[in-house]
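To keep things clear, I will list the structure first and then write my remarks on it.
Residue numbers (the numbering used here), protein chains in the order written: chain A, 1 to 114; chain B, 115 to 230.
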């Protein structure tokens, strides 16, 4: 079965400190993985995607994620948090097959303290 | 470029009433998706259209939910009759995808439905 598990429902950091949002996946296929961000009252926005090229993926707003097959993980990081990073973050797995449907994790709410 | 538009943004109804949501995808996007996002969970796909045909509706509760995409552009999602557990945010997304290759899905702001 294909699934995504986000290990933390809520992460709180201080502005200027590093961010780590954890994600594990389960997939029978070579996975394609994404991170989406959802700001309050706004649509989901794609942060970055991994599609079997480089294992370290850089996204928008200084975020990056590293695909580790041995650990079945795809953790999201940022060296220095900004107040504007406060949002909900979703780790997403692309299912195999022609439809290419997305399976979302339950989300991690990131709070940034001044 | 205009994004995915959805209306209404908020809706409150009583159980057993009916409700409809509207979505206008990004111009030229062949594929349209409806997702249900219950509080505290990630979005779950309800139905996927390719132009005006249904590609996947395996998770759509067909006894009460229906969706259509006439003319392959706008789409409506209807719930009749609504239950308390239908309270959620309903998200519409669209993409250029017309083949097996994945194309980015662009999401609208969603419609927040509260069923009392």
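All C-beta atoms, glycine included, are put in the ideal place defined by N, C-alpha and C.
Proximity test, Cβ basis, 9 Å: residue i and chain E
{"i": "residue 197 (chain B)", "result": "Within the model displayed, chain E is absent; protein chains A and B are what it includes."}
Inter-residue spacing [alpha-carbon to alpha-carbon] between residue i and residue j
{"i": "residue 120 (chain B)", "j": "residue 168 (chain B)", "result": "20 Å"}
{"i": "residue 40 (chain A)", "j": "residue 191 (chain B)", "result": "23 Å"}
{"i": "residue 141 (chain B)", "j": "residue 159 (chain B)", "result": "21 Å"}
{"i": "residue 111 (chain A)", "j": "residue 9 (chain A)", "result": "11 Å"}
{"i": "residue 176 (chain B)", "j": "residue 126 (chain B)", "result": "22 Å"}
{"i": "residue 134 (chain B)", "j": "residue 189 (chain B)", "result": "10 Å"}
{"i": "residue 75 (chain A)", "j": "residue 25 (chain A)", "result": "10 Å"}
{"i": "residue 42 (chain A)", "j": "residue 68 (chain A)", "result": "31 Å"}
{"i": "residue 37 (chain A)", "j": "residue 4 (chain A)", "result": "16 Å"}
Reference residue i; option with closest CA among the options
{"i": "residue 113 (chain A)", "options": "A:103, A:82, A:93", "result": "A:82"}
{"i": "residue 180 (chain B)", "options": "B:187, B:161, B:198, B:186", "result": "B:161"}
{"i": "residue 71 (chain A)", "options": "A:80, A:55, A:79, A:61", "result": "A:55"}
{"i": "residue 93 (chain A)", "options": "A:33, A:5, A:6, A:13", "result": "A:33"}
{"i": "residue 104 (chain A)", "options": "A:76, A:35, A:12", "result": "A:35"}
{"i": "residue 183 (chain B)", "options": "B:224, B:118, B:164, B:226", "result": "B:164"}
{"i": "residue 49 (chain A)", "options": "A:18, A:63, A:1", "result": "A:63"}
Buried versus exposed, by CB contacts within 10 Å (16 or more), residue i
{"i": "residue 98 (chain A)", "result": "Since pLDDT at residue 98 (chain A) reaches only 48, below the 50 mark, its modelled position is unreliable, and no value is offered."}
{"i": "residue 130 (chain B)", "result": "exposed"}
{"i": "residue 198 (chain B)", "result": "exposed"}
{"i": "residue 101 (chain A)", "result": "buried"}
{"i": "residue 194 (chain B)", "result": "exposed"}
Residue i at chain B interface by Cβ criterion, 9 Å
{"i": "residue 104 (chain A)", "result": "yes"}
{"i": "residue 61 (chain A)", "result": "no"}
{"i": "residue 2 (chain A)", "result": "no"}
{"i": "residue 9 (chain A)", "result": "yes"}
CB contact below 9 Å: residue i versus chain A
{"i": "residue 179 (chain B)", "result": "no"}
{"i": "residue 176 (chain B)", "result": "no"}
{"i": "residue 182 (chain B)", "result": "no"}
{"i": "residue 205 (chain B)", "result": "yes"}
According to DSSP, residues forming a beta bridge with residue i
{"i": "residue 90 (chain A)", "result": "A:36"}
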